[in-house]
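Here's the structure we're looking at; comments come further down.
Chains as they are written, first to last, in full-length UniProt numbering: chain H, 1 to 418; chain E, 1 to 296.
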């Protein structure tokens with residue numbers, strides 16, 4: 001078989017990496033190449049250099065080092081028993097490709113993951129070697145995100161954290177039972193334990209940096225994970241409980257949700273169809289409520305629906321905050337001229353920016369509905385839930401049909417639109 | 001011109017260029033100190049086409065007293081950022097805000113005020129343009145140059161069309177990022193360049209000043225094709241983040257319509273209305289005015 005060109009390998013190994021949703025290049029320290037005379041900087045803010053037609057940002061060169069893999073995780077396109085085309089980059093090839101793309105301003109940096117070859121240790125060593133070459137041989141200052149293999153020797157983490165801005169370990173599935181069933185070589189408790197170690201080292205390094213600027217860096221952009229949605233039976237209550245546990249327990253920066261994409265040549269143990277993409281969207285919305293809006297999982301799930309099998313899922317028709325508000329109307333209406341920030345954040349249609357703008361503006365005088373329209377984008381959605389100087393929802397809020405009035409109408413027209 | 005003038009503007013403030021922020025600041029201070037109301041000042045940018053002098057204009061008087069006006073850092077940044085906007089009225093608007101702040105010191109913090117809302121929106125539009133320039137400049141390799149120490153330096157060049165007067169402002173970002181290579185960015189009004197030692201600004205140019213391809217672009221398009229998941233088509237999201245006006249200078253944009261077409265053929269779920277050539281067609285007819293309309 002003739003050797004693959006770099007472009008052919010790139011095609012295979014980027015295709016293999018696209019099921020990883022993370023593309024963040026933000027939240028790390030600031031670096032500039034002016035001092036080093038090299039190439040690459042980070043500003044703390046991520047930059048999306050392009051967008052694919054799937055609406056996803058392209059910020060990093062996201063590739064696998066190889067898609068050969070000795071593991072047989074059923075949901076994974078690169079599993080041992082899959083007959084997908086295989087390829088492998090050498091560390092030097094990845095370094096060259098990263099620099100070639102970076103110098104043309106296509107990317108912020110590299111997101112490197114890999115199938116497991118020979119052994120978890122061997123694979124992890126090669127991943128770290130790419131980062132070392134970039135940082136030490138080429139004075140590369142761009143963003144580096146390394147996927148960490150939990151089965152590898154913990155000592156290898158030290159070097160990974162030294163070179164990378166962000167590390168991640170995929171939790172893969174919302175429950176340990178599902179991991180055992182679908183990813184037989186992996187173990188939920190072990191993954192969480194490694195995440196815990198990572199989280200501890202990241203926060204230790206951060207604390208040391210506060211007392212001394214010379215203290216060594218360890219993944220200053222934090223760590224994240226990804227969970228596949230819809231490949232197992234777990235309901236949204238389960239998914240969000242797992243996320244909360246990870247945010248609180250191991251100090252994760254982000255949980256990414258990835259709706260299961262049917263892969264070629266699937267196992268019979270997997271569902272034949274993808275979950276609706278809107279499920280993933282609702283989970284992201286709920287995740288924001290957890291992280292920035294002061295909601296708990298139990299509260300969010302009061303707006304959920306129970307299906308025939310007793311599973312509790314977020315309502316797909318309306319967003320989780322609206323769903324919560326409709327089930328908890330005793331908290332409304334909220335007086336926008338008086339309520340605290342934490343109460344404002346509970347108003348459907350009102351985001352963090354809108355709430356802050358209202359708090360600022362009301363120092364200048366009592367707000368009317370017209371002022372709210374100037375400050376916020378989505379006032380019609382808020383109307384049943386708010387009071388302003390010249391507006392009160394009256395009996396609207398108690399309307400038994402409020403749900404039907406606020407839910408988007410079924411889109412029959414789409415049948416005819418082309 | 002601006003519709004603001006209730007009576008003849010008897011003072012004229014002279015700005016040497018569209019980015020003469022120091023000139024604006026100086027003269028705004030003088031005007032405030034001399035108590036000159038905003039409607040009596042015509043802010044005149046010399047590099048714009050000259051307005052005929054129908055009425056005689058006085059330059060702003062010199063003044064030795066500093067105006068008693070304090071802006072916090074955040075609000076100062078908003079003003080200065082908004083002054084890079086392409087709106088011809090921005091210098092007058094910024095002065096009017098200063099003027100009004102003498103009576104209402106906390107004015108800039110009131111997001112419900114019309115002038116305040118407008119200046120914040122202008123600053124936001126400028127910030128977005130800066131961010132998009134950081135993101136969408138695409139360098140093409142021009143060749144090598146031997147530096148003073150006899151080492152080869154790679155040389156790159158790019159063409160970009162910003163909406164606002166941001167080109168000189170972003171030069172520092174590109175210097176800090178691409179220190180080890182020579183680069184040149186040409187825009188219609190201004191060009192900026194880095195040679196390892198100095199940043200230089202020069203006159204604007206044309207798209208044809210830059211080579212029309214780079215050997216690596218095929219690999220980049222190949223990456224773009226492969227990283228796209230056809231099972232998740234969301235064209236509207238892509239378009240809102242990567243407006244068409246930028247697409248024409250992105251090497252990867254030429255494969256977009258093919259990807260969308262293939263994905264539709266395979267019957268994947270689609271969100272947003274998709275016409276295969278929708279991405280490319282309107283580009284040729286996008287006029288500068290409609291571009292401005294989109295961002296304001």
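Ideal Cβ placement from N, Cα and C applies to all residues, glycine included.
Closer than 9 Å to the CB of residue 284 of chain H there is not a single CB belonging to chain E. For residue 70 of chain E, no Cβ of chain H is located within less than 9 Å of the residue's own Cβ.
Closer than 9 Å to the CB of residue 337 of chain H there is not a single CB belonging to chain E. Nearest to residue 136 of chain H by alpha-carbon distance, out of H:254, H:178, H:163 and H:117, is H:163. In the three-state reduction of the DSSP assignment, residue 68 of chain H falls in the coil class. A Cβ-Cβ contact shorter than 9 Å links residue 179 of chain E with residue 196 of chain E. Distances from the CA of residue 227 of chain H to each of H:174, H:254, H:56 and H:261 were compared; the closest alpha carbon is that of H:174. Using a Cβ-Cβ cut-off of 9 Å, residue 76 of chain H does not count as an interface residue toward chain E, since no Cβ of chain E sits closer than that to its own. Contact of residue 319 of chain H with chain E is not assigned, every C-beta pair being separated by 9 Å or more.
Along the region 160-199 of chain E, the alpha helix (DSSP H) occurs as fully enclosed runs of 4 or more residues at 167-177, listed in sequence order.
Counting along the chain, the unbroken beta strand (DSSP E) around residue 43 of chain E starts and ends at 41-45.
In this structure, residue 316 of chain H and residue 282 of chain H form a Cβ contact; the two beta carbons are roughly 6 Å apart against a cut-off of 8 Å. Residues of chain H whose Cβ lies closer than 7 Å to the Cβ of residue 238 of chain E are, in chain order, 51, 52, 53 and 55. Residue 260 of chain E and residue 225 of chain E have their C-alpha atoms roughly 10 Å apart. Around the beta carbon of residue 111 of chain H, a 10 Å sphere encloses 16 or more other beta carbons of the protein chains shown; the residue is thus reported as buried. Counting only the Cα atoms, residue 119 of chain H lies some 20 Å from residue 179 of chain H.
It is roughly 18 Å from the alpha-carbon of residue 366 of chain H to the alpha-carbon of residue 116 of chain E. Chain E has a Cβ within less than 9 Å of the Cβ of residue 41 of chain H.
Residues of chain E with a Cβ closer than 9 Å to the Cβ of residue 387 of chain H do not exist; the shortest Cβ-Cβ separation is about 17 Å. As the crow flies, the alpha-carbon of residue 102 of chain H is around 13 Å from that of residue 223 of chain E. Residue 50 of chain H places its beta carbon less than 9 Å from that of residue 135 of chain E. Beta-bridge pairing by DSSP links residue 313 of chain H to H:305. For a cut-off of 8 Å, the C-beta gap from residue 309 of chain H to residue 270 of chain H is around 18 Å, too long to register as a contact. The beta carbons of residue 280 of chain H and residue 258 of chain H sit closer together than 9 Å. For residue 144 of chain E, the secondary structure class from DSSP, reduced to helix, strand or coil, is strand. Not flagged as an interface residue toward chain E: residue 110 of chain H, since no C-beta distance is shorter than 9 Å. Under the three-state reduction of DSSP, residue 281 of chain H is assigned to helix. From the beta-carbon of residue 220 of chain E, the residues of chain H found nearer than 8 Å are 101, 104 and 106. Apart from the 5 residues on each side of it in sequence, residue 133 of chain E sits with its Cβ closer than 7 Å to the Cβ of 160, 162, 166 and 170 in its chain, given in chain order.
Shown here, residue 139 of chain H sits in coil according to DSSP, grouped into three states, outside any helix or strand. Taking a Cβ-Cβ cut-off of 9 Å, the neighbours of residue 32 of chain H in chain E comprise 175, 176, 177 and 179, given in sequence order. When Cβ pairs closer than 8 Å are counted between the two stretches, the region 28-42 of chain H is seen not to touch the region 77-84 of chain H, the count staying below three. Taking the beta carbon of residue 18 of chain H as reference, the chain E residues within 8 Å of it are 226, 227, 228 and 229, listed in sequence order.
The beta carbon of residue 99 of chain E sits closer than 6 Å to those of 38, all from its chain and outside the five residues before and after it, given in chain order. The beta carbon of residue 135 of chain E falls within 9 Å of a beta carbon belonging to chain H, placing the residue at that interface. Contact between the region 212-223 of chain E and the region 4-14 of chain H is present: three or more C-beta pairs spanning the two stretches fall below 8 Å.
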